[in-house]
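These protein sequence lines map, in sequence, to chains A and B.
The numbering of the first sequence is numbering that gives the first Met the number 0, which starts it at 0 and goes up by one.
The numbering of the second sequence is numbering that gives the first Met the number 0, which starts it at 0 and goes up by one.
Backbone N, C-alpha and C define an ideal beta-carbon position, used for all residues, glycine too.
Since we're looking at a predicted model, the values are computed, not measured.
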Amino acid sequence: MPSSTVLVALLGMTVVAYVLGRRRSVRAASNTGLTCHSLPGYYGSYVAIWCALPALLLYCLWQLAEPGFIRTQVLATMSAATLELPEAELGLVYNDIRNLVEGNIVSGEPSDEILAAASRYMSLQRISNLGLMLAVLIIGLTTLGWAFRRVEPGLRARNKVERSMELLLMAASTVAIFTTIGIFLSVLFEALRFFQQVSPLEFLFGLSWSPQTAIRPDQVGSSGAFGAVPLFAGTLLISGIAMLVAVPVGLMSAIYLSEYANPQVRSFAKPMLEVLAGIPTVVYGYFAALTVGPLLRQFGEGLGLSVSSESALGAGLVMGIMIIPFVSSLSDDVINAVPQDLRDGSYGLGATQSETIRQVILPAALPGIVGGILLAASRAIGETMIVVMAAGLAANLTANPLEAVTTVTVQIVTLLIGDQEFDSAKTLAAFALGLLLFVTTLILNIIALRVVRRYREQYE
Amino acid sequence: MSQATKVEKDTVPQVGAGTVEETSVPAAPDIRVVGDTYRTVGDYTSANPVVRARNVDVFYGDNHAIQNVSLDIGKNQVISLIGPSGCGKSTFIRCLNRMNDTIDIARVHGEILLDGEDIHARRMDVVMLRARVGMVFQKPNPFPKSVYDNVAYGPRIHGLARNRQELDRIVRSSLERAGLWTEVKDRLDEPGTGLSGGQQQRLCIARTIAVGPEVILMDEPCSALDPIATAHIEDLIDELKKNFAIVIVTHSMQQAARVSQRTAYFHLGRLIEVGDTDQIFTNPQHELTEDYITGRFG
């Protein structure tokens, strides 16, 4: 029996607990003639929460502890020869045991020792499941009974339920924080391994990027050059082009939609613009590589310029179009939120519509607009697919938008899909790049938040 | 009498300015204004008018917000518009600088002359009109700019100053005339939104004066202010009438009595009675006016 049936049983108990708690509060009120502190539903919720939460907590802890516990128990019975194996090989043996239990493919013919261990594993798992079931039910019933007996008209159930709601919301908000920390740490440790092989200074300030390392020790190959400057230059170039497209177009369309367009146009045009954000980036990639790239090339030839068919310009233009909705949609919302009072005040002084927009509405909406632009910028910096398809892989250090460049994200992809072992400098470089990208966007966000706060202080 | 008052009490709140309820008064005999032929009691003309409004009707969609209102605004005079909420006072003053243009569903009929010029004429530029007929709003609405830039906003967009010194002079004299200069002269670079409510409202008045209008429209300028700030503004209005014609919408009858020379009473989109403030408050001719100023409804 899978252990998840326990959860179904617990859910049933919770519902019963709600009904019981509610009924008891109603009865208690009519018996004693007192008015309950809270509505009956709160007493129901109070008992239900007490029934469900401790049991659920126990369930989670049990599930976390179970695999380690079973492993030590199973390995304890095995022969000394097996136990002396190095950690990695012991892991393989233990994997074999688990595969045998779960009916997966096992490497080779299982020995008697492994068969014995497998049967021990199975019985341990059965015992653990049973124990879990019993423990959860007992805890659930105990806490249910305890909370049930506490229900009386004087119990401040509403305050307690409110408090548990607060805790729930707090837990939800910490998920994002802990995830960020986790991502940062996982990238950080791999990056540190990279910096043991390549000096951080070379990585940060090196002007050449050529991550080719020898696969075998006896192979004659490049030792690799890991200067990240060309990659960041490429990223900035492409993101810069994208922002040059997205900010003016997005802002102006937002102004049109919120200030000039009539409701019919607006209700049609705004969703259409937001569709742009829903197009998969791979599709934008096709568009950049197959349509915009060749078009730019032809156009450049007409002007006597040499445009490489995979150019920063093409990728940047298409990326700019992709992020227009981020700028326009958010800006539109904040412009709409500017109070009508301010518009009236400006019109009342004889200002025209464009004067009002330029001098009153845009300054008032600036913090929100900056927020939209930042969101767009971080999308642009992190964007991968369009650049892979349209900007090429050559790590040129150039400011010429007509040449092929590459970006940090593209290099991370190409480094990780290689066939080298995981601890080679080439693979680990991907994590160092990831870390640097992460830190860069973090710094950008912090700067922008400061700017926005400064404006807020000034204008609110 | 008491019967009649009761009916009116029930009728009045249904007709808010914003709500698109039917304003066409159901021919209730208790409200003695029936049909389009109602004639305002008292003399709506002025010996020395800046603005002459004649037979003005305003529609918000299907809502007939103002019906056949004629009124003169005299030079160097304060006229207060009183009446229960939704009676069309604000709508009327918004006609005088064509602020109703900014509302899509609003339509204005009738003739409004500013110094003898039709403000709806083709050659009348609405931008110039609003420079000549300034407006102060119910809620102080300083722009998100510095105190200086708030006042300099109007002169800048109308090109009233040729250089920085002239602009400084305009800003200073406007702030002085609004009675704000001594309080803000060291804080000209701070945001206008950082001032107190009363200061903000005087800043908005300074901003309006800076353009050099002939008429200043004030739409309940003190309703968001405390009594001290209100007293400030009232003194200011008294001072300002030496140079401007002022129209003030107010819900405070004491305020109307204190600051204005003429008073106009609006009721359900009609101008019921107009006359000298003393006469309106001591000897109203129309029964509705009397009911309102004696506090029997509204």
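Simplified DSSP assignment, three categories, for Ala287 of chain A: DSSP, reduced to helix, strand and coil, places Ala287 of chain A within a helical segment of the structure shown.
7 Å CB neighbourhood of His157 of chain B in its chain, flanking five on each side removed: The answer, listed in chain order, is Ala130, Val210.
Ser257 of chain A in three-state terms, based on DSSP: In the structure shown, Ser257 of chain A sits in a helix (DSSP, three-state: H, G or I).
Rounded separation between Thr22 of chain B and Val451 of chain A - CA only: In this predicted model, Thr22 of chain B has a pLDDT of only 45, less than 50, meaning its place in the structure is not dependable enough to derive any value.
Residues in the stretch 357 to 369 of chain A having any Cβ partner in chain B nearer than 8 Å: Correct list: Gln358, Val359, Pro362, Ala363.
Partner residues on chain A for His157 of chain B, Cβ-Cβ distance less than 7 Å: Annotation: Cβ neighbours of His157 of chain B in chain A (cutoff 7 Å, chain order): Gly349.
Nonlocal neighbours in the same chain, by C-beta distance under 7 Å from Lys159 of chain A, ignoring five residues either side: Here the set comprises Tyr45.
Amino acids of chain A, ordered along the chain, whose beta-carbon sits closer than 9 Å to that of Met123 of chain B: In chain A, no part has a C-beta under 9 Å from the C-beta of Met123 of chain B; the shortest such distance is about 12 Å.
Closer than 8 Å to chain A by CB, Phe142 of chain B: With a threshold of 8 Å between beta carbons, Phe142 of chain B makes contact with chain A.
Host beta strand (DSSP E) of Arg53 of chain B (start-end): First-last of the beta strand (DSSP E) with Arg53 of chain B: 48 to 59.
is_contact[Tyr304 of chain B, chain A] using C-beta, thresh 8 Å: The question about residue 304 of chain B has no answer here: the residues shown for chain B are numbered 0 through 297.
Thr290 of chain A burial status per 10 Å Cβ neighbour count (16 or more: buried): So Thr290 of chain A ends up on the exposed side.
Neighbouring residues, chain A, relative to Asn75 of chain B (Cβ below 9 Å): Those within 9 Å of Asn75 of chain B in chain A number zero; the least Cβ separation is about 22 Å.
Proximity to His63 of chain B [Cα-Cα], best of B:Gly73, B:Val273, B:Phe91: It is B:Phe91 whose Cα lies nearest to the Cα of His63 of chain B.
C-beta neighbour in chain B for Asp340 of chain A, strict 8 Å: Taking Cβ atoms only, chain B reaches closer than 8 Å to Asp340 of chain A, which makes this a yes.
Any chain B beta carbon closer than 8 Å to Asp331 of chain A: With 8 Å as the cut-off, Asp331 of chain A does not count as an interface residue toward chain B.
Neighbouring residues, chain B, relative to Tyr346 of chain A (Cβ below 8 Å): For Tyr346 of chain A, the chain B residues whose C-beta falls within less than 8 Å of its own C-beta are Met98, Thr101, Arg129, listed in chain order.
Beta-carbon proximity list for Glu213 of chain B, same chain, < 6 Å, skipping 5 on both sides: By the criterion of a C-beta distance shorter than 6 Å, Glu213 of chain B is surrounded in its chain by Val49, Arg131, once the five residues flanking it on both sides are discounted.
Distance CB(Gly292 of chain A)-CB(Gly313 of chain A) smaller than 8 Å: A contact, by the Cβ cut-off of 8 Å.
Any chain B beta carbon closer than 8 Å to Ile446 of chain A: No, its Cβ sits nowhere closer than 8 Å to a Cβ of chain B.
With 16 other Cβ atoms within 10 Å as the buried cut-off, status of Pro28 of chain B: Interpretation of Pro28 of chain B is limited by its pLDDT of 37, a score under 50 that renders its predicted location unreliable; the figure taken from the coordinates is listed afterwards. Label assigned to Pro28 of chain B: exposed.
Gln300 of chain B versus Pro141 of chain B: straight-line alpha-carbon distance, rounded: Because chain B in this structure spans residues 0 to 297, residue 300 of chain B falls outside the shown range and cannot be described.
Per DSSP, cross-strand counterpart(s) of Glu298 of chain B: Chain B is shown only over 0 to 297; residue 298 of chain B falls outside these bounds and no answer can be derived.
Of the residues A:Thr141, A:Ile372, A:Ala428, the one placed nearest Thr13 of chain A, counting alpha carbons only: Closest by alpha carbon: A:Thr141.
Backbone CA spacing between Arg265 of chain A and Asp332 of chain A [nearest angstrom]: Cα-Cα distance, rounded: 12 Å.
Whole-angstrom distance between Val73 of chain A and Arg119 of chain A, CA atom to CA atom: Near 7 Å, if we compare the C-alpha coordinates of Val73 of chain A and Arg119 of chain A.
Pairwise C-alpha distance: Gly205 of chain A and Phe225 of chain A: Our two residues, Phe225 of chain A and Gly205 of chain A, have alpha carbons roughly 7 Å apart in a direct line.
Ordered list of alpha helix (DSSP H) runs contained in the stretch 102 to 177 of chain B, each at least 4 residues: Within the stretch 102 to 177 of chain B, the complete alpha helix (DSSP H) runs of at least 4 residues are 125 to 131, 146 to 156, 163 to 176.
8 Å Cβ shell around Ser195 of chain B - same chain, five flanking residues per side excluded: Its chain contains Ala228 as the residues whose beta carbon lies nearer than 8 Å to that of Ser195 of chain B, once the 5 sequence neighbours on both sides are disregarded; these appear in chain order.
Classification of His285 of chain B by the beta-carbon crowding that lies within 10 angstroms, buried from 16 upward: By the neighbour-count criterion, in which 16 or more other beta carbons inside 10 Å mark a residue as buried, His285 of chain B falls on the buried side.
Beta carbon proximity, Glu258 of chain A to chain B, threshold 8 Å: Not closer than 8 Å to any Cβ of chain B, the Cβ of Glu258 of chain A fails to qualify, so no.
Opening and closing residue of the beta strand (DSSP E) in which Phe265 of chain B lies: First-last of the beta strand (DSSP E) with Phe265 of chain B: 261 to 266.
Those residues which DSSP pairs with Phe225 of chain A across a bridge: Answer is A:Trp208, bridged to Phe225 of chain A.
Euclidean distance between Cα positions of Lys5 of chain B and Arg295 of chain B: With a pLDDT of 39 at Lys5 of chain B, under the threshold of 50, the modelled position of that residue is not reliable, and no figure is offered here.
Contact between the stretch 145 to 155 of chain A and the stretch 19 to 34 of chain A (3+ Cβ pairs under 8 Å): Yes, the stretch 145 to 155 of chain A is in contact with the stretch 19 to 34 of chain A.
6 Å Cβ shell around Leu329 of chain A - same chain, five flanking residues per side excluded: Correct list, in chain order: Gly371.
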